[in-house]
Structures are given as C-alpha cells and as structure tokens.
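Here the structure comes first, spelled out in structure tokens, and everything after it is commentary.
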Amino acid sequence: MINRCTLQLTVLLCLTGAALSVNYGKLRLQQRKSNSACQTLLWQLITSPQHCLDDRMDFQIPGEVEQPQQVRKEEAMVVMYEMLQQIFSIFRRGFSNAGWNETIVENLLEELDEQMDRLETALEEITREGKFPWENRTVLRLKTYYLGILQYLKAKFYSRCAWTVVQAEILRNFSFLNRLIGVLQD
Amino acid sequence: MQRELANSLLVLGAIGGTKLKPPQNVEVDIIDDTFTLRWARSREPAGNVTVSADYQIPGIVDNWTKLPGCQHVTSATCDFSSLKMNVYEEIKLRIRAEEGDNTSPWRELDTFIPFQQARIGPPKVHLEAEDKAIAINISPPGAEDSIMWQLERPHFKYSVIIWRNASGAQTWNETHHSRFPRIKIHKLVPETTYCVKVKARLLLQRNPAEFSPVHCVSTTGVILVAVLLPDGNVLSLRAHFSARLESSVPAQGLGSTPTTATARRGTASLSAHGERSYLKRTSGSKSEKWAQVQGCERAPVAWCAPPQDVFRKGIYFRVRASRGNSSSPWSEEEKFDAGRQVENELPAPENIQVILENDTYVLKWDYTHDNVTFEAQWLKSYLKRTSGSKSEKWAQVQGCERAPVAWCAPPQDVFRKGIYFRVRASRGNSSSPWSEEEKFDAGRQVVIPPLIVALKPLSSHSLRVSIGLQDQTELQHYPLTYEVSFWENASNTERKTFVEQRADFTVPSLKPRTVYCAIAQALLEDGPRSQPSNTACATTEAGAQLPACLKKATSALASVAQRIERRPAGHRRKTFVEQRADFTVPSLKPRTVYCAIAQALLEDGPRSQPSNTACATTEADSPSQLPAPQNPKIRLYNTEQVLSWEPGSLSHEAGPVVYQVQFKYPSSREWSDVTVSSVGVNCSKISATECDFTPTGQSRGFLHYFNVSLRVRTELPGLPERASAWASVPWFQHYRNGAQRKHCNRSLSETIKIVEERGRTPEKRSKEDLERLA
Numbered sequence: 169m170i171n172r173c174t175l176q177l178t179v180l181l182c183l184t185g186a187a188l189s190v191n192y193g194k195l196r197l198q199q200r201k202s203n204s205a206c207q208t209l210l211w212q213l214i215t216s217p218q219h220c221l222d223d224r225m226d227f228q229i230p231g232e233v234e235q236p237q238q239v240r241k242e243e244a245m246v247v248m249y250e251m252l253q254q255i256f257s258i259f260r261r262g263f264s265n266a267g268w269n270e271t272i273v274e275n276l277l278e279e280l281d282e283q284m285d286r287l288e289t290a291l292e293e294i295t296r297e298g299k300f301p302w303e304n305r306t307v308l309r310l311k312t313y314y315l316g317i318l319q320y321l322k323a324k325f326y327s328r329c330a331w332t333v334v335q336a337e338i339l340r341n342f343s344f345l346n347r348l349i350g351v352l353q354d
Numbered sequence: 012m013q014r015e016l017a018n019s020l021l022v023l024g025a026i027g028g029t030k031l032k033p034p035q036n037v038e039v040d041i042i043d044d045t046f047t048l049r050w051a052r053s054r055e056p057a058g059n060v061t062v063s064a065d066y067q068i069p070g071i072v073d074n075w076t077k078l079p080g081c082q083h084v085t086s087a088t089c090d091f092s093s094l095k096m097n098v099y100e101e102i103k104l105r106i107r108a109e110e111g112d113n114t115s116p117w118r119e120l121d122t123f124i125p126f127q128q129a130r131i132g133p134p135k136v137h138l139e140a141e142d143k144a145i146a147i148n149i150s151p152p153g154a155e156d157s158i159m160w161q162l163e164r165p166h167f168k169y170s171v172i173i174w175r176n177a178s179g180a181q182t183w184n185e186t187h188h189s190r191f192p193r194i195k196i197h198k199l200v201p202e203t204t205y206c207v208k209v210k211a212r213l214l215l216q217r218n219p220a221e222f223s224p225v226h227c228v229s230t231t232g233v234i235l236v237a238v239l240l241p242d243g244n245v246l247s248l249r250a251h252f253s254a255r256l257e258s259s260v261p262a263q264g265l266g267s268t269p270t271t272a273t274a275r276r277g278t279a280s281l282s283a284h285g286e287r288s289y290l291k292r293t294s295g296s297k298s299e300k301w302a303q304v305q306g307c308e309r310a311p312v313a314w315c316a317p318p319q320d321v322f323r324k325g326i327y328f329r330v331r332a333s334r335g336n337s338s339s340p341w342s343e344e345e346k347f348d349a350g351r352q353v354e355n356e357l358p359a360p361e362n363i364q365v366i367l368e369n370d371t372y373v374l375k376w377d378y379t380h381d382n383v384t385f386e387a388q389w390l391k392s393y394l395k396r397t398s399g400s401k402s403e404k405w406a407q408v409q410g411c412e413r414a415p416v417a418w419c420a421p422p423q424d425v426f427r428k429g430i431y432f433r434v435r436a437s438r439g440n441s442s443s444p445w446s447e448e449e450k451f452d453a454g455r456q457v458v459i460p461p462l463i464v465a466l467k468p469l470s471s472h473s474l475r476v477s478i479g480l481q482d483q484t485e486l487q488h489y490p491l492t493y494e495v496s497f498w499e500n501a502s503n504t505e506r507k508t509f510v511e512q513r514a515d516f517t518v519p520s521l522k523p524r525t526v527y528c529a530i531a532q533a534l535l536e537d538g539p540r541s542q543p544s545n546t547a548c549a550t551t552e553a554g555a556q557l558p559a560c561l562k563k564a565t566s567a568l569a570s571v572a573q574r575i576e577r578r579p580a581g582h583r584r585k586t587f588v589e590q591r592a593d594f595t596v597p598s599l600k601p602r603t604v605y606c607a608i609a610q611a612l613l614e615d616g617p618r619s620q621p622s623n624t625a626c627a628t629t630e631a632d633s634p635s636q637l638p639a640p641q642n643p644k645i646r647l648y649n650t651e652q653v654l655s656w657e658p659g660s661l662s663h664e665a666g667p668v669v670y671q672v673q674f675k676y677p678s679s680r681e682w683s684d685v686t687v688s689s690v691g692v693n694c695s696k697i698s699a700t701e702c703d704f705t706p707t708g709q710s711r712g713f714l715h716y717f718n719v720s721l722r723v724r725t726e727l728p729g730l731p732e733r734a735s736a737w738a739s740v741p742w743f744q745h746y747r748n749g750a751q752r753k754h755c756n757r758s759l760s761e762t763i764k765i766v767e768e769r770g771r772t773p774e775k776r777s778k779e780d781l782e783r784l785a
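Same order as they appear, the protein sequences are chains A and H.
Take 169 as the starting number for the first sequence in our numbering and just add one per residue.
Take 12 as the starting number for the second sequence in our numbering and just add one per residue.
Printed below as a string of structure tokens:
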C-alpha cells in the first residue's frame, strides 16, 4: 500500500545509519523455498506433453543464464527479477486453451508475486546503497528471449501444445533461477 | 569565425559543387514508440538541401540500409517509427546532407539500444475522490500495442505528486511512490481541491520519464452537516474540525487559560449562527444578519443540539471555534437542506492489523463510533500488479461480513501468502469509506523446523536445557531466539519463561528431587514462530545442596565399605577443610562406622546449608581389596582430553599395580575397556596414572557431542579378583569450546566434618543410610 511504501522508505532511510542492509542469507532461504513451490506447481500444470513434439522450439535463452559465470549478487538479483517479472506476465495471458486448473495458476502467480516483492525491497535497498548494476546487458538479452516466447505463443494462437512447450521452457527457467539464488551469499 | 568560413565554403560548394557538410547536432529522440531524428537546420536558406539517413543492425542487418521515413527530408526532423526492429538490440545510424547529386560525407552516430535510450511517456491518470481520500488509477505509458513497452506494461512503477490547489502561504505537496498502478491517498481534507501529476519508471532501468498532465479533483464531504441521530427525532449540527486550531496561548501560560477541550484536533467551544437564506439574496453586508443559534453559544464539543424549530427551510449555518480570547474564522456557510437530513458521516476504520492470538490469526482495527457493524474484504496481492479497475477483485472475508466489534476471526486459510485487507463500518443504510489497505504477509515463508528440547539434571539445583532443530542446515544464518517455558510438574506455580539466544543454557536455583518440565518455541527476528517443541521433563538430583561431585565424594567413602558393623565409640568430630571435592581420609580404624557431613563456602563468605549425613564403615583389616584410585580428574582443554588419578594408599601392598580404564556412552549398557581398537589409546592394565585421549593421529579421542562416562580401578596383574572398586569420573560432554564446565572447580572452601558415631544399630541406620547413599 502506498503509505506503507513511503513508510518503508522513510524507515529505511532513518535506519541507514544503523547499517540496515539486505540480509542475503534470509533472502536466499525464502527465495529458494518459493522457487521450489513454483516448480512443484508448474509440474502439476503440465498435462499432455506427448503429442506436442512437433511444436518444440529452441527459444535460445541467453548463454550466461544457462551457464552462469562468476556473477555479483546484485547482478544475480537483477537477472532474477527480470525473469520473475516476465514469467509472471506469461502466466497472466490468456491460457484458457491450455486447460489448466485456475487455482494452480493463481497459486503460482502468488508465489511469483511474493518473490518479486522481496526482490523489489532488496533492489530498492541496493539502489540506495549505490550498488545497483544499471548497465546490465543480460537483462536486455533476456527481454529478447521472452519476447521470442511471446511471439511464439501468438503465432501458434495460444494453442494447447504451444502452452505445453512454453511450460517446459519455464520449468528450465526455474532451475536457472535456483542457481542464481545460490549466488546470494552474505 | 569558423562558422562563417564554413558557411562561405558551403555557399561556394553550392555554387561550385564543392563539399557539403553533414547535418550538425544530430540527436535521436525516442519517446515510447516514436523514433525521431533531429538535427540543426542548415544556415543556408537557399537550395534543395535534403537529408537522408541509413541504419545498420550489427549481426542482423549488416549493410547500411535506407532508414524509412528519413529519406530526402527537407525539414529538420524525421520520423522513423515505422522501422521494425528489436528494441533491445544495438542499432547504428548515419546521416548526410544532399543537394542534387552532391552529397556530404556520412556522419555516423553513436550506437545505441533503443530500449535504453527511450524516454517514458506520460501515463494516463484517472482520479476518483472520496471525502478524505483520492483513488488514482494509472494506465501505463504508450499505446496498448506498444512495442517498446510490451514486456514492461504490467511492471511500471509510478511516482505521484499531489498538492493542494489553493493560493496562500501554505503550499502543501507530497510525493508517493507506488509499485502498482492503483494507489489511494488517505488522510486528506474534505472539500478541498487536490491536483496530481504522475510519471512512470522502470525498476531496473534508468530511462527518463515525462509527467502526465495535471489532473485535479475535489474531495467530497461537508464540513458542516446536519445529522439524524438514532432516536429518530433530534437533529443536530455536527462540525468536523479538520483544520487545526492555531493556539495563540503562549507556552508558559498553558495552565492559566482554561480550555474547554483538549482534544488533539483542537476542538474548542462552538458557536453557531443561523441566517435565513432569503436574506442572502439581498446584497450589502448589513443585510446579512447572522443570529446566534440557541443552545450552541458555547458548545464544548464538536456538535450541538439546538431547538428543533431552528431547522426550517432555507437556513444557512456557520460555525467557529474559540479558546479563551481567540477564535477561529467562521467556517464556510452550509445550507440546511431538509432533504439531506440523513447524512451519516461515518469515518473509515483505522489501524488495521493482523494479530496472532493463541495460534490464531485475528483481524483487528480501531474505530471511534459505537453502534456500527463492520465488513472486511481481502485481495490477493498479485492482483495489484495489473492495471484496470476490474482486476481488483476484492472478496468478502468469511466471518467478517457483519462484525459487531472491531475485530473478527476468519478461517485461517485466508491468511495465506501476501494479501491485502480493508474494512469499513456501516450503520443502517450508510457506510463509511474503505479503510486504508493493509498488507498481510503470512511470514510462513520461513518455516522453522520442529524443535527438540532436552532437559538434563546437572545437580540438585540446576537443570540444563538443550534445544535442537531437526533440520539445522540453513538456519544458521538466522538469529533465532528461543522462548522456553519452564515449570514444576507437580505444583501449580507459575511458569517461568526464559528468552535465550543460546540453544544450551542452565536453569539455576531449583529445588532438589523435583520434576521440572520445559517446552520451547523458536522465534525469528521479525516474528514467525515455530510450533512448540516436545515437552521434556527431568528431575533434579536429590538431597544435599552441595554440587553433585561433592556428594559423590562422600559416597566414595561409602563405597569402600563392605560391611556395616556396630561399633560403639565416643563422639568426636574432626573437621577437614578441603578445596578438593574428592579426597581420602586416612588413618581410620578398621571396621568402624564413620559419618560425614559437609558444608561449602565461597571465598567471600556465604556458606551452604549442611549436606546430608553420609556414613560408611571402613574395611576390616584383611586386605581383600585394593584401594581404588583417588581423585580421578578429566582435563579438557581445546582438543586435549586427559584423564588422570592418584593411586590409592598402598600401605599394605607390595608389588606393582596396574590400572584399568573403562568408558561407556549413555546409550550402551555395558562398560568397555579403553583400548587401541575401541578408542585409539591403550589404557588397559597400564601403570601410568593417566590416560590421554587427545585426538591425534592414533587416538580418535571421544567424539565431541556425546556424553562419555569413564571409570578407573586398580588391579594386581594376574589377580583380577583383588581389583579395587571403580572410581567414576562425573559424566562429561566435550562442548565445542573444549573447556569442561567443572562445577566443582570453583574456588570453594569446603568444610567437612567427620562425625565419628558410636552406638548406632545397623538396623536403625540402614534405611537412612541407604537413602543417603542413593
């Protein structure tokens, strides 16, 4: 809520003297738990992958996400946030064709919202600390990647198979997210 | 100077076909989906100087290609929005001037990424006013089919600047930052015009943004309202003093001037005037004849109930507040409209909270008025990320549809992940506006695994509490606080609560031989609690107020005895003052019953209560048994673990003796020899009076977290039947830091009195003795 946002900002500002900063250990634990929940939910959603082999597509996720090199935790947070944002957007689209259980999708959206909420707070904090990695190219490459997924869905008219293929791709995304979470060390 | 030269060269060029210069001050301006190229107009008015541009996308369009919309342009800008491109990839532009066949050289611009370069356009704003709040609905910048922001639309963050549109000295404004496209600003003043402008931003990018146009709206709500009270008949004037009353009473004189009310809102006495409205039609100030409202000359509260005949058609009211000599200006004039009688002005509830009461989440709020019912709604927080008012689907909170009190206990499954709550009050047909929305975070993001608590008696006065977690791996990073509830099992005395950050601690000052129980809960800094642990109970040790080892000293004496014999003798007491908790009393008469009673002293004076009296008989003269080793001690320092002892008195023995050390874990029933194979060091039938278990290459030592019991005895090589009694070492646990908590090794002086008793029959004594020896 708006007043809470300003309150949070005010409180954080007042406490900067008291060395209030991101508790990475806690963030890592929470995100990891949330991420597992997301994976579990997504597994529950996948229905019939068998006959969709023809619709398979290599979306070409950016190499540095698939095989992460040494990356700073601020960079990891930014990349994670972008991924979560985009995954959230994908599941907000018209998936009526997919024949999914709406409750499961809602639960997934809730988990994603919670993860984003935590990261938003942490990102605001590192911005205040002046550690924000503004010129991050991975984020831009990820946008191209997710744009590709979106265009694929549109081109396939949001068919059931298209959704199944996208689900499988998002599952891969979650395992990459897990690896990024591991970077959040104090 | 140089420019003139350049210009003249241009002129020359135009005439003589010499060099044309490319355009100067070229800029790329992108806002939302509009791509514009701008340059400085050429100074030369003459001729057909046109400008053309090319583009290149490294990796995709490697050759310079004509930029659509920017070919042979005569003006100073061109629009190339029609170019289909990936806005996240680098693009290169080049531009030149042309005149007929003559072309300037290409000027290449710096590579840029459109997405990073673009300015964020103004968002669309829609305002809705309540009496003390304004709801702002924001639509993301750009068109719905925007290419630039297609992945960003649901994720814009917004900054809202709100100010009061009034002239005068006090200009008030506020900036609010919102993560979501819908925000509500509360605590505003009714009947006031506020203006708002909004701009969008992205969390991960630094794009500059433009403000929306200014939108203004007035809050509703009246300052003066006629209210129909519940009993149906009485009409009263109710004034809402939202403005502050400036006090001109000087600080030190606060006591002197009596104020009629000390409410924070600065209410003071109220005077009301009424005027017939037809009088307003006549101009001239004299014709406004305001008359005092009877019964409202000096009302001490923010309302008054005048005689009902005041409330007739066509009358205006105005109100002012006063304190002492000063008074406020008159309020705005309010016309009394008989049709508007039933204007109930219920304020919104405040301070919505979710409180944990006895393991149940309860929704609570504050409310000033009585005789209302409340309604609560909730919304899943992910729904706030989407714009459009239809996506805020607030749902009724079960069990809180018509709460008569300022709290309600809905089914616990409402309290899941991030959700928002809001509450409003109703009375009859009318209801208050919705309260501020309060976010609830279940805090179940972190589930503390179950706790295991164990109690161990340390002595007759203390117990050790040990708390463990079933699955400890990740939680090391958390500062966990433990709350341990501790009580005496049998009695009804109050439970004590210990709040500790350590997982092992001692509870002192307990009663001996009493069963105590404990149950623990863990807390994280910001609130979430674990489930209560198991209940663990243990009994403090018996009897004497002496530390346990001292008690063992007295019983060590007793263990030497074989038979209890009657032996009449005189009464004579010897006093030993020792700092050791185990020692030998030599030179006793054989087959005599001796008794001992001990008291402990601290260096600076306080004495303990006398201990129990322990009695034992010395052995008969036949040396049937070797004396047990004396004073067995464990030295634990860092990784060192050394057991040492003193030989028993060997006055009547000839020949070398050997020692045997045995160990036992609490879980095992049998004692085992300390050998190379079992522990890694040989302490079986050794002649040395020490056994070194320090973990080195050969010796494994004892593992750190286990309780180990040790005992040692004297043996004659080859004659196991002559072996002495076992001398036990008190159980120890090798804590992380290595140093054993030696209860006995404080600086105590101990006074031991030995009572030589005579004439007590074995039967009379045995029961007591048995008890004491236990």
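For each residue, glycine too, the CB sits at the ideal point set by N, CA and C.
As the structure is a computational prediction, the values presented were derived from the model and not from experiment.
- Between H:Tyr-670 and chain A, the shortest Cβ-Cβ separation is not below 7 Å.
- Contact between the segment 105-121 of chain H and the segment 191-208 of chain H is absent, with fewer than three C-beta pairs closer than 8 Å.
- Restricting attention to beta strand (DSSP E) runs no shorter than 3 residues, the segment 420-473 of chain H encloses them at 430-438, 449-451, 462-468, ordered along the chain.
- The beta carbon of H:Pro-116 sits closer than 7 Å to the beta carbons of Pro-33, Arg-107 from its chain, once the five residues preceding and following it are set aside; these are given in chain order.
- Proximity of H:Lys-375 to chain A, defined by a Cβ-Cβ separation below 7 Å, is not satisfied.
- The alpha-carbon separation between H:Ser-189 and A:Glu-293 amounts to approximately 16 Å.
- Within the segment 243-318 of chain A, the runs of alpha helix (DSSP H) at least 4 residues long that lie entirely inside it are, in chain order, 270-296.
- Listed in chain order, the beta strand (DSSP E) elements of length 3 or more contained wholly in the segment 71-112 of chain H are 72-77, 88-90, 103-110.
- Burial of H:Ala-639 is indicated by the presence of at least 16 other C-beta atoms within 10 angstroms of its C-beta.
- Below the 8 Å Cβ cutoff, chain H contributes Asn-97, Tyr-99, Glu-100 as neighbours of A:Thr-312, in chain order.
- Excluding its 5 nearest sequence neighbours in each direction, A:Glu-242 has C-beta neighbours in its own chain below 8 Å: Ile-294, Lys-299, Phe-300, Pro-301, listed in chain order.
- Contact annotation: in the segment 281-300 of chain A, residues whose CB is within less than 7 Å of a CB in chain H are Asp-281, Glu-282, Asp-285, Glu-288, Leu-291.
- H:Trp-656 is positioned such that its CB atom lies no closer than 7 Å to that of H:Pro-667.
- Contact of A:Val-307 with chain H by beta-carbon distance below 7 Å involves Leu-215.
- Under the DSSP assignment, A:Trp-211 falls outside any beta strand (DSSP E), being part of the alpha helix (DSSP H) whose first and last residues are 192-213.
- Taking 3 residues as the minimum length, the beta strand (DSSP E) runs contained wholly in the segment 106-145 of chain H are 135-140, in order along the chain.
- Secondary-structure assignment with DSSP links H:Cys-206 through a beta bridge to H:Trp-174, H:Cys-227.
- In terms of Cβ geometry, H:Leu-466 and H:Ala-549 form a close pair [threshold 7 Å].
- Going by DSSP, A:Leu-339 is part of the alpha helix (DSSP H) stretching over 328-349.
- For A:Lys-324, same chain residues with a beta-carbon under 6 Å away, outside a window of 5 residues either side, are Ala-330 in chain order.
- Proximity of A:Gln-228 to chain H, defined by a Cβ-Cβ separation below 7 Å, is not satisfied.
- The beta carbon of H:Gln-35 sits closer than 8 Å to those of Trp-50, Ala-51, all from its chain and outside the five residues before and after it, given in chain order.
- For A:Tyr-249, the neighbours in chain H by C-beta distance under 8 Å run, in chain order, Leu-214, Leu-215.
- The DSSP-derived three-state label of H:Tyr-676 is coil.
- For the segment 381-401 of chain H, the beta-carbon criterion of a distance under 9 Å to any beta-carbon of chain A is satisfied by Lys-391, Ser-392, Tyr-393, Leu-394, Lys-395, Arg-396, Thr-397.
- Closer than 9 Å at the C-beta level to chain A, one finds these residues of the segment 169-195 of chain H: Val-171, Glu-185, Thr-186, His-187, His-188, Ser-189, Arg-190, Phe-191, Ile-194, Lys-195.
- H:Phe-516 and H:Leu-491 have their C-alpha atoms some 15 Å from each other.
- Note that the C-beta distance between H:Ile-145 and H:Val-136 is not below 7 Å.
- Contact note: A:Glu-278 reaches chain H through Lys-391, Ser-392, Tyr-393, Arg-427, Lys-428, Gly-429, using a C-beta cutoff of 8 Å and chain order.
- For the C-beta of A:Leu-213, not a single chain H residue is nearer than 7 Å; the gap to the nearest is close to 16 Å.
- Under the Cβ criterion of 7 Å, A:Ser-257 is counted among the residues facing chain H.
- Three or more Cβ pairs closer than 8 Å define a contact, and the segment 362-369 of chain H falls short of that threshold against the segment 244-259 of chain A.
- Under the 7 Å criterion on CB atoms, A:Trp-331 is classed as non-interfacial with respect to chain H.
- Taking the beta carbon of H:Pro-125 as reference, no residue of chain A falls within 7 Å; the closest one sits roughly 10 Å away.
- In the displayed model, A:Gly-231 falls within a helix according to three-state DSSP.
- Per the Cβ contact rule, the segment 408-415 of chain H is not in contact with the segment 204-214 of chain H (fewer than 3 Cβ pairs under 8 Å).
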